[in-house]
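Numbers in the working numbering are just positions in the sequence shown, counted from 1, shifted up by 57. Cβ atoms here follow ideal geometry from the backbone N, Cα and C, with glycine treated the same way.
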Amino acid sequence: MNVATLDILRCPYCGGRLDLVTSLFLRRDGDEIQDGILGCQCCIFAVVDGIPVMHLDGSSTTARAHIEAGRPDLARRAMFNLGDEARAVRFDKVASSDAATYRDVVNALGLAFEGGYFLYRFSDPTYIVADAVVRSVAGTVLKHGGRAIDLCGGSGHLTRSLLDLSRAAPVLADLYFSKIWLARRFTAPGCEGVCSDGNAPFPFARGAFRYAMCTDAFMYIWTKRQFVAEMARLIDQDGDEGALVIGHTHNERTWSPSHGQPLTQEGYRNLFETIEPRIFGEAGLFADVVKGGPLDLSRRDSAGVIDADPALTIVASRNPVVFTPHRLDGAGTARGEYRLNPLYAAEPAGDRTALRLQFPNEDYEQEYGACRQYLPDEVLVSSAALARLADGRLAPELADLARRRVVLDLPRRYY
Ligand SMILES: [Zn+2]
58 MNVATLDILR CPYCGGRLDL VTSLFLRRDG DEIQDGILGC QCCIFAVVDG
108 IPVMHLDGSS TTARAHIEAG RPDLARRAMF NLGDEARAVR FDKVASSDAA
158 TYRDVVNALG LAFEGGYFLY RFSDPTYIVA DAVVRSVAGT VLKHGGRAID
208 LCGGSGHLTR SLLDLSRAAP VLADLYFSKI WLARRFTAPG CEGVCSDGNA
258 PFPFARGAFR YAMCTDAFMY IWTKRQFVAE MARLIDQDGD EGALVIGHTH
308 NERTWSPSHG QPLTQEGYRN LFETIEPRIF GEAGLFADVV KGGPLDLSRR
358 DSAGVIDADP ALTIVASRNP VVFTPHRLDG AGTARGEYRL NPLYAAEPAG
408 DRTALRLQFP NEDYEQEYGA CRQYLPDEVL VSSAALARLA DGRLAPELAD
458 LARRRVVLDL PRRYY
């Protein structure tokens, strides 16, 4: 973590500022704190591998004791829950290799994030809507500066969308250390990671951000009222230009897989005491994205449309420009590297290559099958143009396939 992040970090329990405890173990490289101890008036917290651990759950106190004892290697193992010695050694070996991919590290951790669906995350329907909403709303409120935070952001797939919008490095907060670590290394390099509990007050100063979001996680939060009040506190700045986004939260009135504990639209509205939210059914936003934009946030979905949609997007802002149609940019320069979407099997067909859409299993198809609306079943492409993807270059004849997400701009060394 950068020392400047201490300016916005606060203790979740006493609300006090945190200082680096220089009398205890510290590994520091210029302005970057690698491993060390932070203290407020009530507590001390560890920084492990560049990530401040701002809660006292699970292995965090064990990790803190290892840092105090000058053993950052053991602290990291504790945070990754690598109790078994053989597994820990195997993980350390993979993690220290420059050639390791996101997939290698996930495998070495013995984790199955989202049932392994992370591989397909960058083309799934939930992601493409959330990415468009993030770019539209964050792009509007951060135009003249300000910082963004992705709450319960997991391994940073959407934090990545904030990297070129947030003036200071966007912050990714999540309960799971391993996910934040993966985001900083692969998915959203350059973000600041903070390990914190979404069911507790957020460990940040009032007004530290201009944009705060939580996507695909809010229905699993128990303390929803506190969470929204905390989001509003984070963007409470002079000028009221900020925005809050709760993306892809489930709907109590319409069942969906991994339902969680969602609320009705009235229930969600009731959480916002200081700023009026606008609630969108995801289907309308999805249709906008599939047709290439604009993403029309000026729409006012009827109560019936919202009730019938299994997934909702909630946007709250006093900036009227947020609630207008937003142009969606097509494929430009890769932030990472262009790769063939892993949902496609490739077979040679003369001097061309036949790409065929294949789902990993029936469950995937059932949950994410709406991707058929933009992913063609079969397509023939120039083999030479495909080969050039390996050099990170997108041949002009593949631009349309990038727009349809047959070709993806993936983080470097993703799989
Ligand atoms: Zn404290």
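Given residue i, which residues of its chain have a CB within under 7 Å of its CB, disregarding the five upstream and five downstream residues?
i	result
residue 131	123
residue 319	276, 306, 307, 308, 309
residue 260	66, 67, 68, 69, 111, 251, 253
residue 116	135, 136, 138
Express the C-alpha separation of residue j and residue i in angstroms, rounding to a whole number.
i	j	result
residue 80	residue 350	55 Å
residue 292	residue 329	14 Å
residue 247	residue 395	20 Å
residue 105	residue 228	16 Å
residue 401	residue 78	51 Å
residue 336	residue 365	13 Å
residue 102	residue 211	21 Å
residue 386	residue 188	11 Å
residue 82	residue 58	16 Å
residue 470	residue 201	33 Å
residue 161	residue 219	25 Å
residue 233	residue 405	42 Å
residue 424	residue 412	22 Å
residue 92	residue 380	43 Å
residue 294	residue 62	18 Å
Are the CB atoms of residue j and residue i within a distance shorter than 7 Å?
i	j	result
residue 225	residue 242	no
residue 345	residue 305	no
residue 157	residue 163	no
residue 352	residue 271	no
residue 251	residue 265	no
residue 442	residue 452	yes
residue 267	residue 186	no
residue 288	residue 269	yes
residue 244	residue 196	no
residue 97	residue 75	yes
residue 360	residue 182	no
residue 391	residue 448	no
residue 258	residue 311	no
residue 421	residue 461	no
Classify residue i: buried if its beta carbon has 16 or more other beta carbons within 10 angstroms, exposed otherwise.
i	result
residue 192	buried
residue 331	exposed
residue 348	exposed
residue 398	buried
residue 143	exposed
residue 180	buried
residue 454	exposed
residue 357	exposed
residue 322	buried
residue 338	buried
residue 374	buried
Residue i: beta carbon under 6 Å from a heavy atom of ligand 3?
i	result
residue 85	Ligands in the displayed structure: ligand 1; ligand 3 is not one of them.
Under 6 Å Cβ to Cβ from residue i, same chain only, skipping five residues before and after it: list those, please.
i	result
residue 298	198, 376
residue 279	256
residue 284	278
residue 108	237, 250, 252
residue 154	none
Identify, in the order they occur along the chain, each residue of the same chain with its Cβ nearer than 8 Å to the Cβ of residue i, setting aside the five sequence neighbours on each side.
i	result
residue 281	275, 320, 328
Please tell me whether residue i has its Cβ less than 7 Å away from any Cβ of chain C.
i	result
residue 118	Considering every chain present, this structure includes no chain C. It has just one protein chain.
Who sits around ligand 1, taking every residue whose Cβ is closer than 6 Å to one of its heavy atoms?
68, 70, 71, 73, 97, 98, 99, 100
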